[in-house]
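Peer 1:
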Amino acid sequence: MRIAQSDAANYGMDTKDLIEKLQQYDEDFGINIVHAQTDTVGFEILNMPSNLLTFAEDISKFCPDIVNQGCGSISNLIEIIDITGQILLWWD
């Protein structure tokens, strides 16, 4: 993420902010970052969160585009997380 200089500038977050949030997810349930570009970050969830609703709501606050421009609803996001075990975040 540092090399790609991933950021969410349109949401007021720089690379450091994104890394801090993803480190929190890593501490909570483990993640493996599989993709990083300037405005996108993808990761695998190593240990599924026990409360997917709470996690999906947190992801949506962190990256509103995942719902607003992507899956369309929190319930759809929960289903995607549950089936794939992966998240693709983007900020544009």
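So for the sequence shown, this note's numbering puts the first residue at -17; every next one is plus one.
Where a beta carbon is used, it is the ideal one built from N, C-alpha and C, also for glycine.
Only a predicted model underlies this, so the values are computations on that prediction, with no experimental measurement involved.
Restricting to runs no shorter than 3 residues, where is the beta strand (DSSP E) found entirely within the stretch 10 to 62?
Peer 2: List check, beta strand (DSSP E) in window: 13 to 18 and 22 to 27.
Peer 1: Three or more C-beta pairs closer than 8 Å, one from the stretch 30 to 40 and one from the stretch -16 to -7: is that the case here?
Peer 2: No: the two stretches stay apart, fewer than three of their Cβ pairs being nearer than 8 Å.
Peer 1: In this structure, does DSSP put Gln68 in helix, strand or coil?
Peer 2: Note: Gln68 maps to strand in three-state DSSP.
Peer 1: Rounded to the nearest angstrom, how far is the Cβ of Leu28 from that of Ile13, given a contact under 8 Å?
Peer 2: That belief holds up - the Cβ atoms of Leu28 and Ile13 are roughly 6 Å apart, short of 8 Å.
Peer 1: In terms of alpha-carbon separation, which member of Leu71, Asp(-4), Val16 and Thr(-3) lies closest to Asp47?
Peer 2: Nearest option by C-alpha distance: Leu71.
Peer 1: Here's a check: name, in chain order, each residue in its chain whose Cβ is nearer than 7 Å to the Cβ of Thr(-3), leaving out the five neighbours to either side.
Peer 2: Once the five neighbours on either side are set aside, the close Cβ partners of Thr(-3) are Met(-17), Arg(-16), Gln(-13), Ser(-12) and Asp(-11).
Peer 1: Going by the CB atoms, is the gap between Leu4 and Ala38 shorter than 7 Å?
Peer 2: No, Cβ-Cβ distance for Ala38 and Leu4 is not below 7 Å.
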